[in-house]
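A short worksheet on the structure shown next.
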Amino acid sequence: MARRIQTKYPLCFSIPAKLLTIGIHKEIITTEKEHFSNQQIRRFFKRYCSDKRYKKLLVEGKQRFNLDGTPATLVTKEEVPPKTVEVKI
Numbered sequence: 001m002a003r004r005i006q007t008k009y010p011l012c013f014s015i016p017a018k019l020l021t022i023g024i025h026k027e028i029i030t031t032e033k034e035h036f037s038n039q040q041i042r043r044f045f046k047r048y049c050s051d052k053r054y055k056k057l058l059v060e061g062k063q064r065f066n067l068d069g070t071p072a073t074l075v076t077k078e079e080v081p082p083k084t085v086e087v088k089i
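The sequence shown begins at 1 in the UniProt record's numbering and counts up one residue at a time.
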């Protein structure tokens, strides 16, 4: 599935990763419903957006992108995950 999506939307799913516009999974569900179930698409995005490399991109003011690679919204302060503190024992 990842390969098909990366091939179909190379300007959005590129290396290095780009931040995705919020709700982009709904567009993929609509365009890929003949090939993948909603659950498969949701799992793909959960893995993609949970990756620590992706999460490092979540910085206030950073650009998000649409499926065609065009700029979308900017990351807001509320969307930035809290920093975790590593406890050394």
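Even glycine gets a Cβ: it sits at the ideal position worked out from N, Cα and C.
| query | result |
| --- | --- |
| Out of curiosity, what's the CA-to-CA distance linking Lys33 and Arg3? | 16 Å |
| Leaving aside the five residues before and after Tyr9 along the sequence, list all residues of the same chain whose C-beta is less than 7 Å from its C-beta, in chain order. | Leu67 |
| In the DSSP assignment, what residue or residues form a beta bridge with Leu19? | Arg64 |
| Just how far apart, CA to CA, sit Arg53 and Gly69? | 19 Å |
| Are the beta-carbon atoms of Cys12 and Phe65 separated by less than 7 Å? | yes |
| Got a sec? Which residues, its chain only, sit under 7 Å from Thr21 by beta carbon, not counting five neighbours each side? | Arg64, Phe65, Asn66, Ala72 and Thr73 |
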